[in-house]
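Some notes on the structure that comes next.
In UniProt numbering, the protein residues as written are 1 to 134.
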């Protein structure tokens, strides 16, 4: 029998857990979207607002242990097809604050707000996207 983090029995949770979970036993991901690096996706690399450490700390204190960090592709790499990351200021610091200071998990989500597979307004290829993860 599976139990939710609050201790309630849940057959639905059990089925979801059995089909999707392959990690640390007993670990539940509860969290929020830490938006900012994804805002104004068509504005280029410099116009964004990073999530504050205060807001991340607040949600951690409320029980969050996972933070989805949406970041536009252009703010992860400055050149399409590059084998290297070129993060805008604040991304690395935000990831380190979540993982090292808070001891929580982060899900980095290359996110271009319904633009599809595009980089700086231009069509990109799957191989370009794969290079982002090398």
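Here a beta-carbon is modelled for each residue, glycine too, at the ideal position from N, C-alpha and C. Keep in mind that this is a model prediction, so the values were computed, not measured.
Local conformation of residue i per DSSP, three classes
i	result
residue 80	coil
residue 50	coil
residue 123	strand
residue 45	coil
residue 115	coil
residue 37	coil
Start-to-end residues for the alpha helix (DSSP H) that takes in residue i
i	result
residue 129	126-132
residue 59	53-61
residue 88	Counting along the chain, residue 88 falls outside any alpha helix (DSSP H), and DSSP gives it neither H nor E.
Option in the options with minimal Cα separation from residue i
i	options	result
residue 38	71, 79, 104	71
residue 29	123, 60, 121, 128	60
residue 34	80, 107, 62	107
residue 105	44, 64, 115	64
residue 129	36, 115, 110	110
residue 133	67, 50, 81, 31	81
Residue i: first and last residue of the uninterrupted beta strand (DSSP E) it sits in
i	result
residue 66	66-71
residue 109	105-110
residue 32	31-33
Residue i Cβ short of 6 Å to the ligand ADP heavy atom set
i	result
residue 54	Judged by which ligands are present, the structure shown has none, so any question about the ligand ADP falls away.
### Message
Counting beta carbon pairs with one atom in the region 50-58 and one in the region 71-82, are three or more of them shorter than 8 Å?
### Response
no
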